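In order, the protein sequences belong to chains P and D. Start counting the first sequence at 822; every next residue gets the next number (this note's numbering). Start counting the second sequence at 51; every next residue gets the next number (this note's numbering). Reading through the structure tokens given below for one structure.
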Amino acid sequence: MKTDLALGLITGIIFGFLLQKGRVLRFEKQVGALRLADMTILKFMLSAILVGMVGIQLLAAADVLKLSHKAMNFGAVLLGGALFGIGWAFVGYCPGTAIGALGEGRWHALFAIAGMITGAALYAELYPFIKRTVLAWRDYGKIGLAEALGISPWVVVVVCWGGALALFAGFEKKKM
Amino acid sequence: MKWKTDDGGWNPYLAGALAGLLAVASAWATTHWLGRTQYLGSSTTFVRAAGLIEKTVAPEHVAANEYFTKEKVRVDWQFMLVIGIFIGALIAALSDRSFKWEGVPPIWRERFGPSVRRRMISAFFGGVIAMIGVRMADGCPSGHGLSGLMQLSLSGFVALAMFFGFGVLTGAVLYGGRRS
Chain P
822 MKTDLALGLI TGIIFGFLLQ KGRVLRFEKQ VGALRLADMT ILKFMLSAIL
872 VGMVGIQLLA AADVLKLSHK AMNFGAVLLG GALFGIGWAF VGYCPGTAIG
922 ALGEGRWHAL FAIAGMITGA ALYAELYPFI KRTVLAWRDY GKIGLAEALG
972 ISPWVVVVVC WGGALALFAG FEKKKM
Chain D
51 MKWKTDDGGW NPYLAGALAG LLAVASAWAT THWLGRTQYL GSSTTFVRAA
101 GLIEKTVAPE HVAANEYFTK EKVRVDWQFM LVIGIFIGAL IAALSDRSFK
151 WEGVPPIWRE RFGPSVRRRM ISAFFGGVIA MIGVRMADGC PSGHGLSGLM
201 QLSLSGFVAL AMFFGFGVLT GAVLYGGRRS
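This is the structure in structure tokens:
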């Protein structure tokens with residue numbers, strides 16, 4: 822197996838293991854978060870983000886790696902984000918967790934995966950139209966929040982940590 | 051704060067923090083060995099899977115499609131990552147005996163009954179809409195949520211807010227708000 826494929830597979834196995842142990846793959850946890858009743862997936866996601874942002878920002882500051890921002894395309898992120906949110910509540914999984922849920926035997930995730938692959942095929946057909954319309958509205962480019970605000974990324978990191986820790990305290994207090 | 055949850059899982063803060071370390075290690079390892087930094091994500095793989103399936107019946111159509119050409123229909127690093135997620139989840143579920151064959155999720159059954167067909171229709175069409183959304187936004191909760199926020203991308207913050215905002219609104223309509 823080529824290096825890139827082997828590296829992807831190993832990383833995926835560890836990621837899938839952690840997602841399952843964190844119980845993030847459950848339909849109950851996904852829908853629980855959307856009902857603001859069980860915040861397991863937010864605890865998992867935000868913890869990963871807090872730890873990850875320090876590491877990634879350090880590596881970027883040391884010039885070890887380059888950041889690769891996704892474009893802040895106004896129509897794409899707002900309309901696409903809203904569509905995902907609506908679909909997410911119906912399907913109960915995001916793309917990665919649907920695959921993982923199948924791994925823990927929840928075979929109903931197959932319906933979700935079939936829908937997602939169909940959605941991807943449909944998007945490929947719709948792409949020329951979407952490119953002319955939604956994607957053409959306004960593109961702010963591939964920028965970071967810190968650059969957009971003209972401040973140091975470390976200020977953003979500190980604010981994120983503070984905000985997330987306050988959220989965690991709230992979750993624990995309300996036993997969410 | 052407990053190390054284990056009531057159902058035998060790991061503390062979600064701990065599992066999440068380890069996933070954060072994995073994301074950093076993976077970004078470093080791909081830069082070092084592949085010469086190109088790869089961030090965790092999964093939804094582009096669904097495009098490639100759709101392309102690979104379509105290719106078996108209509109190869110010219112896939113070759114001529116602008117989006118498939120842009121995203122390159124092939125098995126790559128992220129494709130293997132997604133396969134790995136399946137294997138890792140399977141190993142973890144077998145290791146603590148939480149593996150379970152399940153055709154209808156319990157809370158879905160409670161709200162909408164035991165019909166597999168009803169679950170299938172909702173999951174399928176929800177999946178279609180969700181995937182069109184993430185492809186339009188160019189990222190899912192892994193790509194935009196985890197990887198975007200770790201990089202402090204403006205699009206990541208906005209996307210995650212939209213995902214959860216509209217997810218919570220739709221969830222309230224479907225499930226009738228919070229029940230504790």
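Every residue, glycine too, gets a C-beta built ideally from N, C-alpha and C. Because the structure is a prediction, the values reported are computed rather than measured.
At the 7 angstroms Cβ level, is residue i part of the contact set with chain P, yes or no?
{"i": "Ser230(D)", "result": "Confidence at Ser230(D) is low in this model, with a pLDDT of 45, below 50, so its placement is unreliable and no value can be given for it."}
{"i": "Val107(D)", "result": "no"}
{"i": "Asp56(D)", "result": "no"}
{"i": "Ala139(D)", "result": "yes"}
{"i": "Phe213(D)", "result": "yes"}
If you follow the alpha helix (DSSP H) that residue i is in, where does it begin and where does it stop?
{"i": "Pro62(D)", "result": "Pro62 to Leu84"}
{"i": "Met14(D)", "result": "With chain D covering 51 to 230 only, the question about residue 14(D) has no answer from this structure."}
{"i": "Phe895(P)", "result": "Phe895 to Val912"}
{"i": "Ile835(P)", "result": "Thr824 to Lys842"}
{"i": "Thr87(D)", "result": "From DSSP, Thr87(D) is part of no alpha helix (DSSP H); its letter is neither H nor E."}
{"i": "Ala970(P)", "result": "Ala is not the amino acid found at residue 970(P); the sequence shown has Leu there. Run containing Leu970(P): Leu966 to Leu970, per the alpha helix (DSSP H) assignment."}
{"i": "Thr241(D)", "result": "With chain D covering only 51 through 230, there is no way to say anything about residue 241(D)."}
{"i": "Cys981(P)", "result": "Pro974 to Lys994"}
Which residue's Cα is closest to the Cα of residue i: the options?
{"i": "Ser115(D)", "options": "Ala100(D), Leu204(D), Gly163(D) and Val125(D)", "result": "The amino acid occupying residue 115(D) in the given sequence is Asn; Ser does not appear at that position. With distances taken between Cα atoms, Asn115(D) lies closest to Ala100(D)."}
{"i": "Arg147(D)", "options": "Leu857(P), Arg844(P) and Ile835(P)", "result": "Arg844(P)"}
{"i": "Ala935(P)", "options": "Gly163(D), His194(D) and Arg169(D)", "result": "Arg169(D)"}
{"i": "Arg124(D)", "options": "Ala180(D), Phe96(D) and Ala187(D)", "result": "Phe96(D)"}
{"i": "Met997(P)", "options": "Arg161(D), Pro62(D) and Gly217(D)", "result": "Pro62(D)"}
{"i": "Thr94(D)", "options": "Ala108(D), His82(D), Leu84(D) and Met130(D)", "result": "Met130(D)"}
{"i": "Ser92(D)", "options": "Met937(P), Tyr961(P) and Leu839(P)", "result": "Met937(P)"}
{"i": "Lys120(D)", "options": "Glu946(P), Met822(P) and Gln878(P)", "result": "Glu946(P)"}
{"i": "Leu828(P)", "options": "Cys190(D), Leu64(D) and Trp78(D)", "result": "Trp78(D)"}
{"i": "Lys823(P)", "options": "Val178(D), His111(D), Gly66(D) and Trp83(D)", "result": "Trp83(D)"}
{"i": "Lys54(D)", "options": "Val852(P), Thr861(P) and Leu970(P)", "result": "Thr861(P)"}
Quick check: is the beta carbon of residue i nearer than 7 angstroms to any beta carbon in chain D?
{"i": "Arg927(P)", "result": "yes"}
{"i": "Ile972(P)", "result": "no"}
{"i": "Thr861(P)", "result": "yes"}
{"i": "Leu830(P)", "result": "yes"}
{"i": "Thr824(P)", "result": "yes"}
{"i": "Lys994(P)", "result": "no"}
{"i": "Leu950(P)", "result": "Position check: residue 950(P) holds Phe in this sequence, whereas Leu was assumed. No - not a single Cβ of chain D is within 7 angstroms of the one on Phe950(P)."}
{"i": "Arg945(P)", "result": "Reading the sequence as shown, one finds Ala at residue 945(P) and not Arg. Yes, Ala945(P) counts as interfacial toward chain D."}
Discussion item. Count Cβ pairs between the stretch 141-151 of chain D and the stretch 924-936 of chain P that sit closer than 8 angstroms; are there 3 or more?
Written reply: yes
Worksheet item: Should the stretch 871-883 of chain P be called in touch with the stretch 168-182 of chain D, which here means at least 3 C-beta pairs below 8 angstroms?
Response: no
Worksheet item: Does the stretch 204-222 of chain D touch the stretch 893-908 of chain P, meaning 3 or more C-beta pairs lie closer than 8 angstroms?
Response: yes
Item to complete: Could you say if the stretch 984-994 of chain P and the stretch 837-854 of chain P meet the contact criterion of at least three C-beta pairs nearer than 8 angstroms?
Response: no
Item to complete: Determine contact between the stretch 899-917 of chain P and the stretch 182-192 of chain D, defined as no fewer than three beta-carbon pairs at a distance below 8 angstroms.
Response: yes
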